[in-house]
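Here our numbering runs 21 ahead of the position in the sequence shown, where the first position is 1. Using N, Cα and C, we set each Cβ at its ideal position, and we do this for glycine too. The structure presented is a predicted model; accordingly, all values stated were derived computationally and were not measured. One structure is given here, and the rest of the page talks about it.
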Amino acid sequence: MRTSRSSLRVRLTALLTGAAMTGAALTGALAGTAHAADAPLRDLAAAKGKVMGTAVTGSKLTGTYGEIAAREFNALTPGNAMKWGSVEPTRGTFDWAEADQIVDFAEASGQQVRGHTLVWHSQNPSWLTNGTWTPAQLSGLMNDHIALEVGRYKGRLATWDVVNEPFNEDGTYRQTLWYNGLGADYIAQALTAARAADPAAKLYINDYNVEGVNAKSTALYNLVKSLKERGVPIDGVGLQAHLILGQVPSTLQQNIQRFADLGVDVAITELDIRMQLPSDSTKLTRQAADYKAVMAACVAVARCVGVTVWGFTDSDSWIPSTFPGQGAATPYDENYAPKPAYAAIAEALGGTTTPPTGACTATYSVSSQWNTGFTGQVRIACSGAALSSWKVGWTFGAGQQVTQAWNATCAQTGSAVSCSNASYNGTVPDGGSVTFGFNGSWSGSNPVPVVTLG
Ligand code: XIL
22 MRTSRSSLRV RLTALLTGAA MTGAALTGAL AGTAHAADAP LRDLAAAKGK VMGTAVTGSK
82 LTGTYGEIAA REFNALTPGN AMKWGSVEPT RGTFDWAEAD QIVDFAEASG QQVRGHTLVW
142 HSQNPSWLTN GTWTPAQLSG LMNDHIALEV GRYKGRLATW DVVNEPFNED GTYRQTLWYN
202 GLGADYIAQA LTAARAADPA AKLYINDYNV EGVNAKSTAL YNLVKSLKER GVPIDGVGLQ
262 AHLILGQVPS TLQQNIQRFA DLGVDVAITE LDIRMQLPSD STKLTRQAAD YKAVMAACVA
322 VARCVGVTVW GFTDSDSWIP STFPGQGAAT PYDENYAPKP AYAAIAEALG GTTTPPTGAC
382 TATYSVSSQW NTGFTGQVRI ACSGAALSSW KVGWTFGAGQ QVTQAWNATC AQTGSAVSCS
442 NASYNGTVPD GGSVTFGFNG SWSGSNPVPV VTLG
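Given below as structure tokens:
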């Protein structure tokens, strides 16, 4: 799960991101990069007593995505898998598969899990939102849902976002199914039900645009204060932090501190920093500074327990589909190369200050394919990094066999293929590329394999 890293040796990992092209040609791309930080983010965070988390999609927790999620983060939040609409799409019919998968993965990886989320106005099943409920029925539905879901994971989850996004921007309560049916007391009811279902889990209220001191965060502050005074179980507030490039609130640390002073924990729960696409180096540098500012504010306050990014790679971010034209909001690009933001997070957690040194990528493609044979090629290209030798490996998934290779020495054992440079093409300069080719046999199907460069 964890791999050690040498600062001298360029360490390359890869993931297939390819898609079918026209005819028989298939292209898979893989990317790797030199990580400059001397330790994974999770180790840096742990040394400071902080959580460094990421939201994840269960189906992606394999290959490079799974490797990075396990290596760099000590907490996971299911991005969607634990929402009511995901777990009970039809009344009384439950689907826990993805939620269970994420919890299992986290336990295997020594990570905590943040449950997200129990009581919200969004991503509810239609049977719930379209129903007509008396207050007593609504209260019963909410309490039963909490008892069931929190109870299912009792003892396994560190934290629950019990209530999500209860406020409007002006600090009034959002008119939701819950507020309209039960009044503001639905929040206390939900927290009480969650405490009963798992006394060990930390219980949070989570919202967005509450990062700085403003009307909305003040409403949240007043709510938490009154809940504490009433003895309602509340352990922390989640500041989502879906931020816009260049707009980290100047009062972030002050705001975290005022919640801490109330006697609750604070977590940055959904950090991403979006920009108008396309990204460029100026924007990415600015983004790195913004990430660093958010991290630093949390590091500075003892009761800020940590930061979770809302997806660690731009290929798994909600931003492009939700904010058209915007994106590049996470610390890794679509090909899993760490962006300047990655180094900035590491620095804020006390890691080395060496910026990322760039990336080498390899692209596997099938250039032609006929009844039993095919010709494939792999292109290795470097940008901001260089190689003096290279080795590419993959595992064929459908019985394919390399029969002949050129411009590389290839060997196949079972389904595992390993190709290394020829005597004359080991050097891939910064900005340059090398390509080698091979013939292979196939039958049935010829899927593009996941390739590793290292
Ligand atoms: C988002 C998910 O990332 C998307 O995949 C989904 O389509 C919509 O919800 N605030 C929250 C999160 O609390 O649950 C939201 O997650 C992002 C905003």
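Is Lys237 helix, strand or coil by DSSP?
helix
Exercise. Under 8 Å from any heavy atom of ligand 3, does the C-beta of Thr343 make it?
Worked result: The ligand content of the structure shown is limited to ligand 1, which means ligand 3 is not among them.
Could you check the C-alpha separation between Val387 and Ala240 for me, to the nearest Å? 58 Å
Check your understanding: How many angstroms separate the CA atom of Pro498 from the CA atom of Asp64?
Key -> Lying outside 22 to 475, the shown extent of the chain, residue 498 is not represented and no answer is given.
Rounded to the nearest angstrom, what separates Gly414 and Asn467 at their Cα positions?
17 Å
Measuring CB atoms only, is the region 409 to 428 touching the region 448 to 465, in the sense that at least three cross pairs come out at less than 8 Å? yes
For the alpha helix (DSSP H) that Pro341 lies in, which residues bound it at each end?
-> Per DSSP, Pro341 belongs to the alpha helix (DSSP H) from Ile340 to Thr343.
Helix, strand or coil for Ser147 per DSSP?
helix
Taking its Cβ as the centre, do 16 or more other Cβ atoms sit within 10 Å of Thr180, making it buried, or is it exposed? Buried, because 16 or more other Cβ atoms sit within 10 Å of the Cβ of Thr180.
| task | For Tyr363, I'd like the list of residues in its chain whose CB is within less than 6 Å of its CB, leaving aside the five on either flank, ordered along the chain. | result | Correct list, in chain order: Pro352.
Does DSSP put Glu93 in a helix, in a strand, or in coil?
Correct three-state label for Glu93: helix.
Taking the continuous alpha helix (DSSP H) assigned at Arg324, which residues delimit it? Counting along the chain, Arg324 falls outside any alpha helix (DSSP H), and DSSP gives it neither H nor E.
Only counting the same chain, and skipping five residues up and downstream in sequence, which positions put a Cβ closer than 6 Å to that of Thr396? The answer, listed in chain order, is Ser388, Ser389 and Asn460.
Exercise for the section: Using DSSP bridges, identify the partner residues of Thr396. Expected result: Ser389 and Asn460
Which residue marks the beginning of the alpha helix (DSSP H) containing Tyr363, and which one marks its end?
Pro361 to Ala369
Report the three-state DSSP secondary structure of Thr473 (helix, strand or coil).
strand
| field | Beta-carbon gap between Gly327 and Ala288 smaller than 9 Å | value | Taking 9 Å as the cut-off, the beta carbon of Gly327 is found closer than this to the beta carbon of Ala288.
In this structure, what does DSSP give as the bridge partners for Ile294?
-> Leu264
query: Going by Cα to Cα distance, which pick from Leu82, Gly84 and Ile89 is closest to Met73?
result: Ile89
| said: Going by beta-carbon coordinates alone, are Gly452 and Cys403 separated by less than 9 Å? | reply: Remark: C-beta atoms of Gly452 and Cys403 approach each other more closely than 9 Å.
Inter-residue Cα distance where the pair is Val472 and Trp339:
27 Å
- Query: Once you ignore the five residues that flank Gly418 on each side, which residues in its own chain have a CB closer than 7 Å to its CB?
  - Reply: Pro468 and Pro470.
_For a test of your reading of the model: does the CB of Tyr225 fall under 8 Å from any non-hydrogen atom of ligand 1? Yes or no._
no
Could you tell me the distance, in whole angstroms, from the CA atom of Val399 to the CA atom of Cys431? For Val399 and Cys431, the distance between alpha carbons rounds to 12 Å.
Please state whether DSSP places Phe188 in a helix, a strand or coil.
strand
> Touching or not, the region 204 to 221 and the region 259 to 278, by the rule of three or more beta carbon pairs under 8 Å?
Replying inline: Fewer than three pairs of CB atoms, one per stretch, sit closer than 8 Å, so the region 204 to 221 makes no contact with the region 259 to 278.
I need the boundaries of the beta strand (DSSP E) containing Val124, first residue and last residue. Looking at the DSSP string, Val124 is not in any beta strand (DSSP E); the run it does join, the alpha helix (DSSP H), is Ala118 to Ala129.
- prompt: Do you know offhand how far His142's Cα is from Ala96's?
  reply: So the two alpha carbons sit approximately 25 Å from each other.
- Do you know whose CA, among Leu198, Ala118 and Trp154, lies nearest Arg173's CA? Ala118
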